[in-house]
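Take a look at the structure set out below.
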Amino acid sequence: MANAELQARAASVFQLFSGRGGQWIAPDGIHPNDNGHAVIAEAVLAAIAGREPTIPEGLLSVSPGATSAPIQPNVPNESNDDGGGVSLVIFLAGIGAAFAAGIVVCGAYFIARGRA
Numbered sequence: 008m009a010n011a012e013l014q015a016r017a018a019s020v021f022q023l024f025s026g027r028g029g030q031w032i033a034p035d036g037i038h039p040n041d042n043g044h045a046v047i048a049e050a051v052l053a054a055i056a057g058r059e060p061t062i063p064e065g066l067l068s069v070s071p072g073a074t075s076a077p078i079q080p081n082v083p084n085e086s087n088d089d090g091g092g093v094s095l096v097i098f099l100a101g102i103g104a105a106f107a108a109g110i111v112v113c114g115a116y117f118i119a120r121g122r123a
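Quick look at the structure:
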């Protein structure tokens, strides 16, 4: 029991994922994949039932071997390293156009309300 007063139970997955987390984690290196969600669900159900989690054989039979590398933040890769970013002129023109459109919409609102 995590908190006897609240009668809350804790479902820890750290030990379950130790050594096998690579096969239960999505390629982003952060979130669980479908098998990882199944392991977490088993941990939660076991905590509710007051028993030790039992990982299904189908999830244990897969070797934790090589997995895809996690995505590294702020590291350019092939998909976004083409050097074809938005030019500063187009970016500033877009800001100006959005500002002008806001003025037109506000003006139309005040004219429709008879405040102009």
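If you're matching positions, the sequence shown starts at 8 in our numbering and goes up one per residue. The beta carbon of each residue, even a glycine, is placed where N, CA and C say it ideally should be. On a predicted model such as this, the values are computed, not experimentally measured, just so you know.
Gln22 lies in the alpha helix (DSSP H); which residues open and close that run?
21-24
If I measure Cβ to Cβ from Phe21 and keep anything under 6 Å in the same chain, skipping five residues before and after, which residues do I get?
none
Across which residues does DSSP place Pro39 in a beta bridge pair?
Ile32
Val51 and Ala17: beta carbons closer than 7 Å?
no
Under a Cβ-count criterion, where at least 16 other Cβ atoms within 10 Å of its own Cβ denotes burial, should Ala13 be classed as buried or exposed?
For clarity, residue 13 is Leu in the given sequence; the question names Ala instead. Per the 10 Å Cβ criterion, exposed.
Tell me, please, whether the region 35-49 touches the region 57-69 by the rule of three or more beta-carbon pairs shorter than 8 Å.
yes
Nearest-angstrom beta carbon gap, Asn40 and Ala33 [assumed within contact, 8 Å]
5 Å
Looking at C-alpha atoms only, which residue of Ala15, Gly26, Tyr116 is the closest neighbour of Ala54?
Ala15
Any idea if Leu95 is buried or exposed, counting beta-carbon neighbours within 10 angstroms, 16 or more meaning buried?
exposed
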